[in-house]
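Numbering (my numbering), first residue to last: 87 to 353.
Below you can see the structure in the form of structure tokens.
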């Protein structure tokens, strides 16, 4: 039988001590806590934190299949996805951008809607702010650069992940995605942009398969790029954090990101 030392109140723990775990006792059993929760709900008091849903339209190929007219509730368009709204004669509740390249300004319509709130990261190119002059623009900051005495958003490897944390900070808890694919689909790399991507290095990645005798058995293969592959790995961590922060996540379209989430949730 192991002789387990007891640390008494006020006793110093010697430097270098290895702590292997703790025994803890909750104040009350679970059944009592659950009963008290049920009793408090019967009082019909207002919730301090309400669940709020947001539909996010990213730029991936599957976004071309969503019926924007059928979406109920607020929406967020990312980068080129705003063109899908323009084509449909609609406008998103929000638009977000965080990349510093001047090319992002070219994704925004020449006459942007005055009914959209534009969430533009402070490191974005000046041409974006110029194009959105006289519109409802809100600036935000990311943790990769100093923003003294200003709130900053966690740095992620894609605008979709970063914008999700931004919108969570703004009070949204339930997120549904279209166009968050991370792979080529239907012979396209984006839903609303017809750029020439023939020179982009294409990788073929298997998700969920097992290597047996130098062969990959099972899983699903995706045509993707290095940056999208990095985003998928970053998304795996995000899905785990989403569970911790009680975020509801739904991804549509059948792309690599959706497949990555399914594997994380099943593991």
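Ideal Cβ placement from N, Cα and C applies to all residues, glycine included.
In this text the structure is predicted, and so the values were computed from the model without any measurement.
| query | Can you give the beta carbon distance from residue 249 to residue 214, rounded, assuming they're within the 8 Å contact cut? | reply | Counting from 1 along the chain shown, the entry for residue 249 is found at position 163. Counting from 1 along the chain shown, the entry for residue 214 is found at position 128. That pair is no contact at about 15 Å.
| Is DSSP giving residue 328 helix, strand or coil here? | The sequence position of residue 328 within the chain shown is 242, counting from 1. Helix.
| query | Which term fits residue 267, buried or exposed, when burial requires 16 or more other beta carbons within 10 angstroms of its beta carbon? | reply | In the chain shown, counting from the first residue as 1, residue 267 sits at position 181. By the 10 Å Cβ count, residue 267 comes out buried.
| residue 87 burial status per 10 Å Cβ neighbour count (16 or more: buried) | Here residue 87 refers to the residue found at position 1 of the chain shown. In this prediction, residue 87 scores a pLDDT of 49, lower than 50, which makes its location untrustworthy; the coordinate-derived value is nonetheless stated afterwards. Burial call: exposed.
| query | Is it buried or exposed for residue 331, if we count other Cβ within 10 angstroms and need 16 for buried? | reply | As a first step, residue 331 must be located in the chain shown, where it is residue number 245. Per the 10 Å Cβ criterion, exposed.
| query | Roughly how many angstroms separate the alpha carbons of residue 320 and residue 96, rounded to a whole number? | reply | Locating residue 320 in the chain shown gives position 234, where the first residue counts as 1. Locating residue 96 in the chain shown gives position 10, where the first residue counts as 1. The alpha-carbon atoms of residue 320 and residue 96 are separated by roughly 42 Å.
| said: Restricting to runs no shorter than 3 residues, where is the beta strand (DSSP E) found entirely within the region 141-225? | reply: 161-164, 180-183 and 203-207
| query | Do residue 139 and residue 300 come within 8 Å of each other at the CB atom, strictly closer than that value? | reply | Residue numbering aside, residue 300 sits at position 214 when the chain shown is read from its first letter. Residue numbering aside, residue 139 sits at position 53 when the chain shown is read from its first letter. Against a cut-off of 8 Å, the Cβ pair of residue 139 and residue 300 comes out as no contact.
| field | residue 279 beta carbon less than 8 Å from that of residue 175 | value | In the chain shown, counting from the first residue as 1, residue 175 sits at position 89. In the chain shown, counting from the first residue as 1, residue 279 sits at position 193. No, they are not a contact pair.
| Best match in 294, 264, 256 and 272 for proximity to residue 136 [C-alpha to C-alpha] | Numbered from 1 along the chain shown, position 50 holds the residue referred to as residue 136. Cα-wise, what sits closest to residue 136 is 256.
| residue 170 to residue 109 span [Cα, whole Å] | The residue given as residue 170 occupies position 84 in the chain shown. The residue given as residue 109 occupies position 23 in the chain shown. C-alpha separation (whole angstroms): 55 Å.
| Hey, quick one: how far does the alpha helix (DSSP H) through residue 116 stretch, first residue to last? | To locate residue 116, count along the chain shown from 1; it is residue 30. Its alpha helix (DSSP H) spans residues 116-127.
| request: Evaluate residue 318 with the Cβ neighbour count: other Cβ atoms within 10 Å of its Cβ, from every protein chain shown; 16 or more gives buried, anything less gives exposed. | output: Along the chain shown, read from residue 1 onward, the residue named residue 318 stands at position 232. Classification for residue 318: buried.
| said: Please report the straight-line C-alpha distance between residue 305 and residue 296, rounded to a whole angstrom. | reply: Sequence index remark: in the chain shown, residue 305 carries index 219 (1-based). Sequence index remark: in the chain shown, residue 296 carries index 210 (1-based). Cα-Cα distance, rounded: 7 Å.
| said: On a Cα-Cα basis, can you pick out the residue from 293, 254 and 274 that is closest to residue 286? | reply: By one-based count along the chain shown, residue 286 stands at place 200. The shortest Cα separation from residue 286 among 293, 254 and 274 belongs to 274.
| field | 8 Å contact criterion, which residue 99 and residue 93 should meet: CB distance rounded | value | Numbered from its first residue, the chain shown carries residue 99 at position 13. Numbered from its first residue, the chain shown carries residue 93 at position 7. Indeed they touch by this definition, with Cβ atoms about 6 Å apart.
| said: Pull the bridge partners of residue 308 from the DSSP assignment, please. | reply: Residue numbering aside, residue 308 sits at position 222 when the chain shown is read from its first letter. The partner list for residue 308 (beta bridge, DSSP) reads 291.
| query | Does the beta-carbon distance from residue 168 to residue 205 come in below 8 Å? | reply | One-based indexing of the chain shown puts residue 168 at position 82. One-based indexing of the chain shown puts residue 205 at position 119. For residue 168 and residue 205, no; Cβs fall outside 8 Å.
| Residues bridged to residue 271 (per DSSP) | Working through the chain shown from its first residue, we reach residue 271 at position 185. Paired residues: 274.
| Neighbourhood of residue 105 by C-beta, 7 Å cutoff - its chain only, sequence neighbours within 5 removed | Along the chain shown, one-based indexing puts residue 105 at 19. There are no such residues.
| Check whether residue 269 and residue 342 have beta carbons under 8 Å apart | The residue you call residue 269 lines up with position 183 of the chain shown. The residue you call residue 342 lines up with position 256 of the chain shown. Taking 8 Å as the Cβ cut-off, residue 269 and residue 342 qualify as a contacting pair.
| task | Report the three-state DSSP secondary structure of residue 130 (helix, strand or coil). | result | On the chain shown, position 44 is the one that residue 130 refers to. Three-state DSSP puts residue 130 in coil, outside helix and strand.
| Do the region 119-133 and the region 225-242 meet, that is, are 3 or more Cβ pairs less than 8 Å apart? | no
| request: Would you list the residues sitting across from residue 298 in a DSSP beta bridge? | output: In the chain shown, counting from the first residue as 1, residue 298 sits at position 212. DSSP output for residue 298 lists 301 as bridge partner(s).
| message | Is the beta carbon of residue 183 closer than 8 Å to that of residue 207? | response | Reading the chain shown from its first residue, position 121 is the one you call residue 207. Reading the chain shown from its first residue, position 97 is the one you call residue 183. Yes, they are a contact pair.
| Ordered along the chain, which non-local residues of its own chain (more than five positions away) have a Cβ less than 7 Å from that of residue 187? | In the chain shown, the residue the question calls residue 187 occupies position 101. Counting only Cβ-Cβ distances below 7 Å, and skipping sequence neighbours, we find 211.
| Residue burial classification, residue 120 (beta-carbon count within 10 angstroms, cutoff 16) | Taking the chain shown and counting its residues from 1, the one referred to as residue 120 is at position 34. It counts as exposed.
| request: Count the other C-beta atoms from every protein chain shown that fall within 10 angstroms of the C-beta of residue 134, then say buried if there are 16 or more, exposed otherwise. | output: Position 48 of the chain shown, counting from 1, holds the residue named residue 134. The residue in question, residue 134, is exposed, as its Cβ has fewer than 16 Cβ neighbours within 10 Å.
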